[in-house]
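Asks: Quick one: the structure is below, questions incoming.
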Amino acid sequence: MSARTVEWTAPRTPGTGAPEAEGLRERKKRLMRQQLSDTATQMFMERGFDAVRVTEIAEACGVSEKTVFNYFPTKESLILDRLESTMASLRAGLAQAGLSPVQAALRILDRELGAMASWLAAQDDPALAGAMIRRFGTLIRATPSLRAYQSDMMDQFTAVAAAILAERAGMSPDDPEPQITATALLGLWRIQFRGLRRYLDGARTPAQVHSAVTADVHRAAQLIDTGLSSFAGEIGEQLPVPPLSNGRDSHHAVEA
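If you read the sequence shown in this note's numbering, its first letter stands for residue 365, the second for the next number, and so on.
The following block contains the structure:
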């Protein structure tokens, strides 16, 4: 079982993530990138982020240190590489005409959470896998450089979101409306990771974790959606946040 998971997004699961029309060269590059990240994450989890040198990761993968930095610009990006996928999803989702900012964010979050729940359900011991996810989050919070990297990425996400929303509304990205909208939307990711820390307690099934986290995210989204109603009118038709019947059931929940 891989220890690879990210507080910010879902873990990469076996058999996923490969483009449909991927060539041999692209496949080799993707697999090398995955090997470097997986190896680094395992070593960081075992020994601590600061105790592992990039040269050790390179040696473990049979490549040079230069090769590692050809794939990852910083040591921190080795373990938080899935942030790039979230960025791409955010760009595409927020630019989609006719979709409200909250609805776009919820779709991305649901895909990420659903992938994680599916991965958990596929493990021989989902409780142990959940504990590993919690340990990963603890590693991030306990390492100043990783916290700083994640915070910097959050700022980049907010800037990208503000720019897209401002363009749709015919405003400047520096205007208060797109700025506060972007900040509020990115706060939903924080709600999702905190929910994972709260509900990955070993007592809940993956489906129950999915449902409980989703309920928390939707509660926060309802509040944001109400506050953003006037701005949403500037960028297109507002789409309502899907209701949850009782906070426990979700038709997206993955059966354990």
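From the three backbone atoms N, C-alpha and C, an ideal C-beta is built for every residue, glycine too.
Just so you know, these numbers come straight off a predicted model, no measurement behind them.
Grab me the residues of A527's own chain with a C-beta within less than 8 angstroms of its C-beta, minus the 5 sequence neighbours each way, in chain order.
Replies: Only P537 and P542 meet the Cβ criterion.
Asks: For E642, collect the residues of the same chain with a Cβ closer than 6 angstroms to its Cβ; drop the 5 residues on either side in sequence, then sort them by chain order.
Replies: Past the boundaries of the shown model lies residue 642; the chain is included only from 365 to 620, so the question cannot be answered.
Asks: Classify P570: buried if its beta carbon has 16 or more other beta carbons within 10 angstroms, exposed otherwise.
Replies: Result: buried.
Asks: So, are the CB atoms of A584 and L470 less than 8 angstroms apart?
Replies: No, these two residues do not count as a Cβ contact at 8 angstroms.
Asks: Between which two residues does the alpha helix (DSSP H) carrying L463 extend?
Replies: Premise fails: L463 is in no alpha helix (DSSP H) and is neither H nor E.
Asks: Going by C-alpha distance, which of G426, S441 and D402 is nearest M517?
Replies: Ranking the options by Cα distance to M517, first place goes to S441.
Asks: Is M480 helix, strand or coil when you go by DSSP?
Replies: The answer is helix: DSSP assigns M480 an H, G or I state.
Asks: Please confirm whether D580 and V466 have their CB atoms less than 8 angstroms apart.
Replies: Their beta carbons are not under 8 angstroms apart, which means D580 does not touch V466 by this criterion.
Asks: Alpha carbon to alpha carbon, what distance is there between E476 and K392?
Replies: The alpha-carbon atoms of K392 and E476 are separated by roughly 25 angstroms.
Asks: Using a Cβ distance threshold of 8 angstroms, determine whether the segment 482-496 contacts the segment 541-557, with at least three qualifying pairs required.
Replies: Contact between the segment 482-496 and the segment 541-557 is absent, because fewer than three Cβ pairs lie under 8 angstroms.
Asks: I need the straight-line Cα distance from Q398 to G426, nearest angstrom please.
Replies: If I take the Cα positions, the gap works out to 14 angstroms.
Asks: Could you tell me the distance, in whole angstroms, from the CA atom of F436 to the CA atom of G559?
Replies: C-alpha separation (whole angstroms): 29 angstroms.
Asks: Going by CA-CA distance only, name the one from R511, I497 and M396 that's closest to M409.
Replies: Checked all of R511, I497 and M396; the closest Cα to M409 is I497.
Asks: With H, G and I counted as helix, E and B as strand and the rest as coil, what does DSSP make of S401?
Replies: Looking at S401 - three-state DSSP - the assignment turns out to be helix.
Asks: Comparing alpha-carbon positions, which option in E531, D539 and I544 lies nearest L458?
Replies: The residue with the shortest Cα to Cα distance from L458 is E531.
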